[in-house]
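Going line by line, the protein sequences match chains A and B.
First residue of the first sequence? That's 0 in numbering that gives the first Met the number 0, and the numbers climb one at a time after it.
First residue of the second sequence? That's 0 in numbering that gives the first Met the number 0, and the numbers climb one at a time after it.
Backbone N, C-alpha and C define an ideal beta-carbon position, used for all residues, glycine too.
As structure tokens, the structure follows; a few thoughts come after it.
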Amino acid sequence: MDRRFAICGASTIGPDIVRLVVEAPRVAAHAQPGQFVIVRVNDHGERIPLTICDSDPEAGTITLVVQAVGSTTTQLNVMTIGEHLADVLGPLGTPTGIDRFGACVVVAGGVGTAIVLPVARALTRAGNRVTAIVGARNEDHLILLNEMRDATNEVIITTDDGSAGRHGLVTDALGTLLAEGDVDYVFTAGPIPMMQAVAGTTRDKRILTVASLNPLMVDGTGMCGGCRVTVGGESKFACIDGPDFDAHAVDFITLSKRNTAYLEFESCRFDEATEAIDA
Amino acid sequence: MPELTKRERMKMERTDMPMRDACDRATDFEEVNLGYTSAMAVLEASRCIECKRAVCIDGCPVGIRIDDFLRYVAEGDIASAAAVIHEDNLFPAICGRVCPQESQCEGACVLDKKGRPIAIGHLERFVADRERTRSLTEPPRLTPPTDRKVAVIGSGPAGLACAGDLAREGHAVTVFEALHELGGVLVYGIPEFRLPKEIVASEISRLEKRGVRFETDVLIGSGTTLEELTSEEGFDAVFIGTGAGLPRFPGIEGEELIGVYSANEFLTRVNLMKAHESESETPVYDLYGRSVVVIGGGNTAVDAARTSLRLGADPVKMLYRRSDSEMPARREEIEHAIEEGVEIRYLVAPTSFNGVDGWLESVTIQEMRLGEPDESGRARPEAIKGAFETIEAAVAIIAIGNSPNPVLTRSTPDLATTKWGTIEVDEGTGETSIPGVFAGGDITTGGATVILALGAGRKAAAAINEYLVS
Ligand SMILES: Cc1cc2nc3c(=O)[nH]c(=O)nc-3n(C[C@H](O)[C@H](O)[C@H](O)COP(=O)(O)OP(=O)(O)OC[C@H]3O[C@@H](n4cnc5c(N)ncnc54)[C@H](O)[C@@H]3O)c2cc1C
Ligand SMILES: Cc1cc2nc3c(=O)[nH]c(=O)nc-3n(C[C@H](O)[C@H](O)[C@H](O)COP(=O)(O)OP(=O)(O)OC[C@H]3O[C@@H](n4cnc5c(N)ncnc54)[C@H](O)[C@@H]3O)c2cc1C
Ligand code: SF4
Ligand code: SF4
Ligand code: FES
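Here's what the structure looks like:
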């Protein structure tokens, strides 16, 4: 078989964060906001989910933004143009429900900005007024700001240390927006505690709030049930029923616990991958 | 071998399948059964009393001419035996290993009444293995290429069988598979120690030689739709063989705990992703010396239990809610599992998974007794009031069945489905509610068997061929 899934663009956009442009014509032709791919780097590689940040049906390419947190993402971080991924399966998952909601706020933390960006674009295209709140540890960890500015009416930046934008958390900024006036819809992606806090901020006002969840996955096709999340007391398969869910119904504590299932195994692998790359 | 009388033949003992020692085999993934030698095969085949009406054939879902192939084996003419089998079964090396023979061909054999049916499965396996490793038969002559294109969705036994037949008729066949490997349950579900993956790979390469194209990493219905295959990609007909791959959960407390796996997930991690091998990046919980509980009584449950053993788990307990005689798994596997050290508890069902800090620690189970038969004709298990017990479990593996995967059906609104989510088809042809679209295997029946999936794939191939040439 011809080698598929060539990397035709690779650039570093933040600390341990790369943007990869990958040839995957079938995926590019169909990708919708909120959908993801399952990627395998090589023949003994793990299958990991990554959001389709952008797609170009004409060129037959998709854009992935990858933060190195473990073995596979670390390997992805050092891939260069001309190399190939072993597998790219997608687009997977139910696309984000886009409608004319009115005043929308998209809340992103860290690499979650890459997940929020295509949704922000689609919301704007559908005629919404979109405000983005982008949070990060510090100035260096802010990514895709220009893209986000192009995609929305306004971008509010928060950093934990105040090195850029407002000093504080995304939920502080969200709280201010809620106090100021009408917010009809909130979409959030990022670290689990952040999504949980966002859901907590909008819960009392009953504002429709959607979170893009990131459980561990294997096949991404509904076959294994490993990605199950508890939503409204029921088990849902995030890869086919999600990854977007009503943030007010999600059991974030269980999600966050389940994501630690292989921590020990992963840290060994991470060390090996880093050593291999350093050597 | 000298001519034996019918009487003498009836007195002969069934030839046992040589197999690896239980202690030895329970620590690795090499195949358990070693296969007959030629002498064993001839001896076993010559036990067949050549019934005038070979009722064994009625027991085989694809109607292999069993009596004929047995006679050839008895005569030592393996090539002719292989040719007979191949007329009806494209993948005998697989079926010989995984068919539930006791309820099919061997269950129907007249000698079954004496408890000594001919080992049809072992012999089929023998013939197929000889044929595969020594290329005894010529590849089938292919019809000259037609200009018709057929898309096959799913590379399980149903899809592969359909693709093989259509390619022989000269049609251009492309198989789309969601996973990165081909073979469906044959590769991600059934473990290596029962069905070596090398056999599946060799069957697939045979299809490639017939000109079948394979495209992995395509989930039809998520992205590319079925409709686009015909309207944009120029396929003249479609076969759907997407299987029943959506694991069911019992819906009890604690299912979300770390340590609770579906059998599909556990087996996929090990079989497909090779999680137990050191170079694999995919993790699986460390089972070494830890207690594993498997819930269910089918082949999937037995496979999960035996795979756990091989990863070092101790003890491994299977919990089945009915009794021994209702257990749907292959007899041979149940026996092998027990020999290897799997403990089977009958008439118990889990009521909750209990954990500490998000990790599974134990399973509470309820004792059952058998009541009136249900729709399936099997005695319905009923709970015995107050009879609960809690057993330790570091890992629990749920194997209580699968539902049809909804991705394709959800994205194809015109495709008629039943209330169980299976695709409705014409029994005789496999045609669905959409003209030119056919389906077969687990996606139409719910979880069934490899041979039924193969049979359905072939039946649909014949109907598709008819559809394309008319
Ligand atoms: C639908 C979906 C979309 C995603 N999109 C992106 C994306 O666009 N860009 C991106 O960088 N990451 C994304 N992720 C997360 C990404 O899949 C994980 O970071 C990746 O699987 C980690 O693999 P690894 O081998 O590098 O690390 P591992 O060695 O597997 O894990 C290292 C650490 O990361 C944590 N981790 C593992 N898997 C996940 C996960 N799924 N989510 C969060 N933390 C995890 C582990 O708990 C561990 O602490 C997405 C996840 C999902 C489910
Ligand atoms: C663990 C286990 C053990 C078993 N043991 C036995 C046994 O010993 N004997 C026996 O006879 N039977 C056994 N079975 C049952 C048997 O494997 C199945 O009945 C048989 O595989 C069904 O074949 P199929 O072709 O219909 O589907 P499958 O084998 O399920 O194959 C379907 C394929 O389609 C792919 N697919 C699904 N949706 C899409 C899509 N939308 N687009 C592209 N591809 C898609 C899937 O990834 C899969 O590869 C076992 C099953 C399991 C799970
Ligand atoms: S295909 Fe299965 S049922 Fe038919 S003869 Fe072979 S083993 Fe028996
Ligand atoms: S029923 Fe049994 S004995 Fe009779 S022909 Fe078939 S295999 Fe031989
Ligand atoms: S990842 Fe396997 S079912 Fe969702």
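| Asked | Found |
| --- | --- |
| Asn464(B), buried or exposed, once every other Cβ within 10 Å from all chains shown has been counted against 16 | buried |
| Paired residues, beta bridge with Ser361(B) - DSSP | Asn353(B), Glu391(B) |
| Three-state secondary structure (DSSP) of Asn145(A) | helix |
| Any chain A beta carbon closer than 8 Å to Ile257(B) | yes |
| CA-to-CA distance, Thr14(B) to Met39(B), given in whole angstroms | 7 Å |
| Length of the line joining the Cα atoms of Leu262(A) and Pro99(B) | 40 Å |
| Glu271(B) beta carbon near ligand 2 (any heavy atom closer than 7 Å) | In the sequence as displayed, the identity of residue 271(B) is Leu instead of Glu. No, the beta carbon of Leu271(B) sits no closer than 7 Å to any heavy atom of ligand 2. |
| Cutoff 8 Å: Glu265(A) Cβ touching any chain B Cβ | yes |
| Interface partners of Asn353(B) on chain A, CB under 7 Å | Within 7 Å Cβ-Cβ: nothing; Asn353(B) doesn't reach chain A, min ~15 Å. |
| Distance cut-off 7 Å: Phe236(A) Cβ against heavy atoms of ligand 5 | yes |
| C-beta atoms of Leu467(B) and Ala25(B) nearer than 8 Å | no |
| Contact test: Cys267(A) Cβ vs ligand 5 heavy atom, cutoff 7 Å | no |
| Near-chain A residues of the stretch 380-411 of chain B - C-beta to any C-beta below 8 Å | Asn404, Pro405, Val406 |
| Ala260(A): contacting residues in chain B (beta-carbon distance under 7 Å) | Ile257 |
| Secondary structure of Arg305(B), DSSP reduced to three states | helix |
| Proximity test, Cβ basis, 8 Å: Val87(A) and chain B | yes |
| Close Cβ partners of Trp358(B) (< 7 Å) along its chain, the five nearest in sequence each way excluded | Leu256, Ile257, Gly258 |
| Residue range of the unbroken beta strand (DSSP E) whose run includes Thr208(A) | 207-211 |
| Continuous alpha helix (DSSP H) assignments of at least 4 residues falling wholly in the stretch 57-87 of chain B | 65-73, 77-87 |
| Contact set for Val40(A): own chain, Cβ-Cβ below 8 Å, skip 5 residues either direction | Thr71, Gln74, Leu75, Met78, Leu84, Ala85 |
| Met78(A) at chain B interface by Cβ criterion, 8 Å | no |
| Closer than 9 Å at the beta carbon, the chain B residues around Thr95(A) | Result: empty, since nearest Cβ-Cβ is about 15 Å, beyond 9 Å. |
| Expected contact under 8 Å - CB spacing of Ser410(B) and Thr224(B) to nearest Å | 5 Å |
| Cys94(B) CB to nearest heavy atom of ligand 3 below 7 Å | yes |
| Euclidean distance between Cα positions of Val109(B) and Asp146(B) | 48 Å |
| Close beta carbons around Met0(A), own chain, < 8 Å, minus the five adjacent residues each side | Since pLDDT at Met0(A) reaches only 48, below the 50 mark, its modelled position is unreliable, and the value read off the structure follows with that caveat. Answer for Met0(A): no residue qualifies. |
| Cys94(B) burial status per 10 Å Cβ neighbour count (16 or more: buried) | buried |
| Of the listed residues Ile65(B), Thr241(B), Val151(B), Ile77(B), nearest to Gly446(B) (C-alpha basis) | Thr241(B) |
| Rounded straight-line distance, which links the Cα of Asp171(A) to that of Met147(A) | 20 Å |
| Arg257(A), buried or exposed, once every other Cβ within 10 Å from all chains shown has been counted against 16 | buried |
| Beta carbon of Ile155(A) nearer than 8 Å to that of Ala131(A) | yes |
| Strand pairing of Val20(A), partner residues [DSSP] | Gly8(A), Thr62(A) |
| Beta-carbon separation (whole angstroms), Ile63(B) vs Ile56(B), contact threshold 8 Å | 7 Å |
| Beta-carbon proximity check, Pro380(B) vs Arg320(B), cutoff 8 Å | yes |
| Inter-residue spacing [alpha-carbon to alpha-carbon] between Glu226(B) and Ser432(B) | 13 Å |
| Helix, strand or coil at Lys458(B) according to DSSP, with G and I counted as helix | helix |
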